[in-house]
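**Q**
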Amino acid sequence: MLTAAWNARGCSSTPRARAEVRWSTARATNPPRRPGTVGSARAFARARAALDHVEVHFGEYCEVYLTPLARDRVNVAVLAHAGAPLGARALVTRALDGHPAAARVVGAFEGAPRARELRAHCDPRSPAARALRCGDAAVAIDPILGAGVGSALESGCAAGSAALRVLGGADPVRVARDHERSLARATRRARVAARLLCALSAHARLAVPVARLLDARPALANACVRFTLGGPRAGFSP
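With positions in the sequence shown counted from 1, the corresponding number in the numbering used here is that position plus 1.
1. Closest to A116 by C-alpha separation, out of L133, L80, P101, E56, would be which residue?
2. Under the rule that 16 or more other beta-carbon atoms within 10 Å means buried, what is G60, buried or exposed?
3. Do A163 and G136 have their beta-carbon atoms positioned less than 7 Å apart in this structure?
4. Between the alpha carbons of L198 and A208, how many angstroms are there, rounded?
5. With distances taken between CB atoms, is the gap from A103 to L97 smaller than 7 Å?
6. Determine whether the beta carbon atoms of R105 and A46 lie at a separation below 7 Å.
7. Report the residue ranges of all alpha helix (DSSP H) runs contained in full by the stretch 38-110; include only those spanning at least 4 residues, in chain order.
8. What number of angstroms, rounded off, separates the C-alpha of V211 from the C-alpha of R186?
9. State the DSSP-derived secondary structure class of A171, mapped to helix, strand or coil.
10. From the DSSP output, which residues share a beta bridge with E116?
11. Find out if the Cβ-Cβ distance for the pair Y66, H82 is shorter than 7 Å.
12. Return yes when the Cβ of H180 is within less than 7 Å of the Cβ of L133, no when it is not.
13. Evaluate A171 with the Cβ neighbour count: other Cβ atoms within 10 Å of its Cβ, from every protein chain shown; 16 or more gives buried, anything less gives exposed.
14. Anyone know if the C-beta pair for T68 and V55 falls short of 7 Å?
15. Kindly indicate which residue of L221, L70, C225 has the alpha-carbon position closest to the one of A48.
16. Would you say A42 and V93 are within 7 Å of each other, going by their C-beta atoms?
17. In angstroms, rounded to a whole number, what distance separates the CA positions of E111 and G157?
18. Drop a sphere of 10 angstroms on the beta-carbon of A222, count the other beta-carbons inside from all chains shown, and report buried for 16 or more, exposed for fewer.
19. Have a look at L184 and A89 and give me their C-alpha separation to the nearest angstrom.
20. Nearest CA to the CA of A44: which residue from G108, L201, P114?
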């Protein structure tokens, strides 16, 4: 299990967030595989146990992401690979069956699980000449990095600033182009780190010694996190 922590600076407070990464099927015949991702499903459920951090559970054919919500609820997201069962409910149910540590947190579902098609970008044929994209529609970063929320917030703020330029009389087409290029530059390191992690997760014999090295040398792990997040304040909490 790997635990990481972040400080998120706001206007009047600095909340601390934690994330735990687990491999729930450590004795499985086949190691976790990320290549061949085919889709995902999401469900809202009652929290059976207290959860004050984001948990990521890796398994043979899927990953389970648990995010705490208000009023003792939890968001369950499943990222599926080739060989996963079809259907949102079947996928979520089997994923929780294969991840007991995640299942202990998830209670009764609130509504039916819903499937989601994974796409790195929205349709380029959409009216993008004047569109200011943000979140996954702009620059998708693999969920393995846990950077989705941060990327969505950053790109959303950037889209707002770009919209102000348009309202100020700037050319909408040029503003949209500058916005896309700016987001690509801002997330370049994160996308590189995500690709490296995906490559490592596909080769367990290489991933295990790398994980042990980072665990034994927190300074090196901190340097990797700072490179990924692009800031001197970023860090790793073992």
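Positions of the beta carbon are idealized from the N, C-alpha and C atoms, including for glycine.
**A** If we stick to the structure as given:
1. For the purposes of this step, residue 116 is taken as the residue at position 115 of the sequence shown. It is L80 whose Cα lies nearest to the Cα of A116.
2. As a working mapping, residue 60 is identified with position 59 in the sequence shown. Under the 10 Å beta carbon count, G60 is surrounded by 16 or more other beta carbons and is classified as buried.
3. Residue mapping note: residue 136 aligns to position 135 of the sequence shown, counting from 1. Residue mapping note: residue 163 aligns to position 162 of the sequence shown, counting from 1. Not closer than 7 Å, so no.
4. Along the sequence shown, one-based indexing puts residue 198 at 197. Along the sequence shown, one-based indexing puts residue 208 at 207. Put simply, the backbone Cα of L198 is about 9 Å away from that of A208.
5. What you label residue 103 is simply residue 102 of the sequence shown in a count that begins at 1. What you label residue 97 is simply residue 96 of the sequence shown in a count that begins at 1. The answer is yes: Cβ separation under 7 Å.
6. Within the sequence shown, residue 105 is the residue found at index 104, counting from 1. Within the sequence shown, residue 46 is the residue found at index 45, counting from 1. Taking the C-beta atoms as reference points, A46 is found no nearer than 7 Å to R105.
7. Taking only runs of at least 4 residues, the alpha helix (DSSP H) segments lying wholly in the stretch 38-110 are 89-98, 101-104.
8. Sequence index remark: in the sequence shown, residue 211 carries index 210 (1-based). Sequence index remark: in the sequence shown, residue 186 carries index 185 (1-based). Cα-Cα distance, rounded: 27 Å.
9. Residue numbering aside, residue 171 sits at position 170 when the sequence shown is read from its first letter. A171: coil per DSSP, three-state reduction.
10. On the sequence shown, residue 116 is found 115 positions in, with the first residue counted as 1. Before going further, note that residue 116 is Ala rather than Glu in the sequence given. In the DSSP output, where bridge partners are listed per residue, A116 has A42.
11. Residue numbering aside, residue 66 sits at position 65 when the sequence shown is read from its first letter. Residue numbering aside, residue 82 sits at position 81 when the sequence shown is read from its first letter. At least 7 Å separates the beta-carbon of Y66 from that of H82.
12. As a working mapping, residue 133 is identified with position 132 in the sequence shown. As a working mapping, residue 180 is identified with position 179 in the sequence shown. Result yes, Cβ atoms of L133 and H180 sit closer than 7 Å.
13. In the sequence shown, residue 171 corresponds to position 170, counting from 1. Per the 10 Å Cβ criterion, exposed.
14. Position 67 of the sequence shown, counted from the first residue, corresponds to residue 68. Position 54 of the sequence shown, counted from the first residue, corresponds to residue 55. For T68 and V55, yes; Cβs fall inside 7 Å.
15. As a working mapping, residue 48 is identified with position 47 in the sequence shown. The shortest Cα separation from A48 among L221, L70, C225 belongs to L70.
16. The count along the sequence shown starts at 1 and reaches residue 42 at position 41. The count along the sequence shown starts at 1 and reaches residue 93 at position 92. A Cβ-Cβ contact shorter than 7 Å links A42 with V93.
17. Position 110 of the sequence shown holds residue 111. Position 156 of the sequence shown holds residue 157. Spanning the two alpha carbons is a distance of roughly 29 Å.
18. Position 221 of the sequence shown, counting from 1, holds the residue named residue 222. A222 comes out buried.
19. On the sequence shown, position 183 is the one that residue 184 refers to. On the sequence shown, position 88 is the one that residue 89 refers to. CA-to-CA, the gap between L184 and A89 works out to about 32 Å.
20. Position 43 of the sequence shown, counted from the first residue, corresponds to residue 44. Scanning G108, L201, P114 for the CA closest to the CA of A44 turns up P114.
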